[in-house]
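A.B. asks:
Numbering (our numbering), first residue to last: 10 to 327.
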């Protein structure tokens, strides 16, 4: 018995000696790894500093005017700082771009903390961008790439865009905007995240700020989700953000968390006064495990969970 205990002790001692030997051999690699872990978080900032220090030319209080072939002023570019590089696009910081139409009237004003001027003459905005239209409407958004094409009156992005509304945030796969209008088209899959917690999933959203309105429209299938309900719309959505009304168009299905499914058409969701009231003047059909009710009109308060079915009501209880 003592013999086996001695063998175990000897094996343990051999293991410790081997472990110390391995650590001694690879100590340089461990030290390098530890050093790299500390240095890595600083690499991006160091690279940025190196990039800015390797410029060919730096101009403070930069101003540039771009003209068409017909010598018509297209836009002006002002920046706090201008950097040019050998094989990279020009970089400008704290940027303001003003566009002009053929009559030389000011179109939109775009401001951003960072932008690039490409060899093609296009202006590529990065980060947070503010767009002031000629009527005074303000659009705020963030994107990796926003291009100003002032020769054809377009502002566009093929990258993900986050549009900031007063009470919502909208994420889309791209955007297009006419310089001469207060309208914007958010492309691809679109998600509207409201401050209230409600989420709208749709596609190809049209936004209009014309004459002070704040209208969001889509003709694609749309899903509205909140804490207590899920609403599916076949023919899209029409939102008036000034009066907090959401019109879900075509055939609509409402899934109620407390149980039951309500089917109707052209349902309005009234979000005024922090409420969530669904209304429809179309034929409505509510069905749950215990009841099946048909009516000509419906009114559902999602906050109080009170459902009213009105006009020629036919109910079947199971």
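A virtual CB, placed ideally from N, CA and C, is assigned to each residue, including glycine.
Assess contact between the segment 264-276 and the segment 295-305, defined as three or more Cβ pairs (one per stretch) separated by less than 8 Å. Is contact present?
C.D. replies: Taking 8 Å as the limit for Cβ pairs, the verdict is that the segment 295-305 does touch the segment 264-276.
A.B. asks: Would you list the one or two residues that DSSP bridges to residue 176?
C.D. replies: BP columns for residue 176 are empty, so no partner.
A.B. asks: Straight-line CA distance for residue 50 to residue 63?
C.D. replies: Low local confidence applies: a pLDDT of 47 at residue 50 is under 50, so the model's placement there is unreliable, with the coordinate-based value given in what follows. Looking at the two C-alpha atoms, the distance is approximately 21 Å.
A.B. asks: Check residue 220 in the structure and name its three-state DSSP category.
C.D. replies: Note: residue 220 maps to helix in three-state DSSP.
A.B. asks: Just mark residue 97 as buried or exposed, buried being the case when its beta carbon has 16 or more other beta carbons within 10 Å.
C.D. replies: Under this definition residue 97 is an exposed residue.
A.B. asks: List the whole-angstrom C-beta distance separating residue 244 from residue 258, where the pair is believed to meet the contact cut-off of C-beta under 8 Å.
C.D. replies: So it is a contact: roughly 4 Å between Cβ atoms.
A.B. asks: Kindly indicate which residue of 121, 256, 110 has the alpha-carbon position closest to the one of residue 163.
C.D. replies: It is 110 whose Cα lies nearest to the Cα of residue 163.
A.B. asks: Taking all protein chains shown into account, do 16 or more other C-beta atoms lie within 10 angstroms of the C-beta of residue 116, making it buried, or fewer, making it exposed?
C.D. replies: By the neighbour-count rule (16 or more Cβ atoms within 10 Å), residue 116 is buried.
A.B. asks: DSSP beta-bridge partners for residue 181?
C.D. replies: Its beta-bridge partners are 170.
A.B. asks: Might you give, ordered along the chain, the residues of its own chain that have their beta carbon closer than 6 Å to the beta carbon of residue 291, omitting 5 neighbours on each side?
C.D. replies: The answer, listed in chain order, is 273, 274, 275.
A.B. asks: In chain order, what residues of the same chain lie with their CB nearer than 6 Å to the CB of residue 241, ignoring the 5 residues before and after it?
C.D. replies: If we look at residue 241 and ignore the five residues flanking it on each side, its Cβ neighbours are 232, 262.
A.B. asks: Use the C-beta contact count for residue 65: other C-beta atoms within 10 angstroms, 16 or more gives buried, fewer gives exposed.
C.D. replies: Label assigned to residue 65: exposed.
A.B. asks: What three-state label does DSSP hand residue 190 in the structure shown?
C.D. replies: Coil at residue 190, not helix or strand.
A.B. asks: State buried or exposed for residue 219, treating a residue as buried only when at least 16 other CB atoms are found within 10 Å of its CB.
C.D. replies: Per the 10 Å Cβ criterion, exposed.
A.B. asks: Whole-angstrom Cβ separation of residue 237 and residue 311, contact assumed at under 8 Å?
C.D. replies: About 5 Å; that satisfies the 8 Å criterion.
A.B. asks: Specify, as a first and last residue, the run of the beta strand (DSSP E) that residue 131 falls within.
C.D. replies: That residue, residue 131, is in no beta strand (DSSP E); it is neither H nor E in DSSP.
A.B. asks: Grab the span of the beta strand (DSSP E) containing residue 233 for me, first residue to last.
C.D. replies: Its beta strand (DSSP E) spans residues 231-234.
A.B. asks: Taking the alpha carbon of residue 294 as the reference point, which residue from 305, 143, 313, 223 has its own alpha carbon closest?
C.D. replies: For the residues 305, 143, 313, 223, the minimum Cα distance to residue 294 belongs to 305.
A.B. asks: Grab the span of the beta strand (DSSP E) containing residue 319 for me, first residue to last.
C.D. replies: Its beta strand (DSSP E) spans residues 315-319.
A.B. asks: What number of angstroms, rounded off, separates the C-alpha of residue 225 from the C-alpha of residue 67?
C.D. replies: One C-alpha to the other measures close to 43 Å.
A.B. asks: Let's see if you can read the secondary structure: which residues bound the beta strand (DSSP E) around residue 88?
C.D. replies: Looking at the DSSP string, the run of the beta strand (DSSP E) that includes residue 88 is 82-93.
A.B. asks: Quick one: what does DSSP say residue 274 is sitting in, helix, strand or coil?
C.D. replies: Reduced to three states, the DSSP call for residue 274 is strand.
A.B. asks: Just verifying my parser: in three-state terms, what is the DSSP assignment at residue 244?
C.D. replies: If DSSP states are grouped into helix, strand and coil, residue 244 belongs with coil.
A.B. asks: Under three-state DSSP, which class holds residue 210?
C.D. replies: If DSSP states are grouped into helix, strand and coil, residue 210 belongs with the strands.
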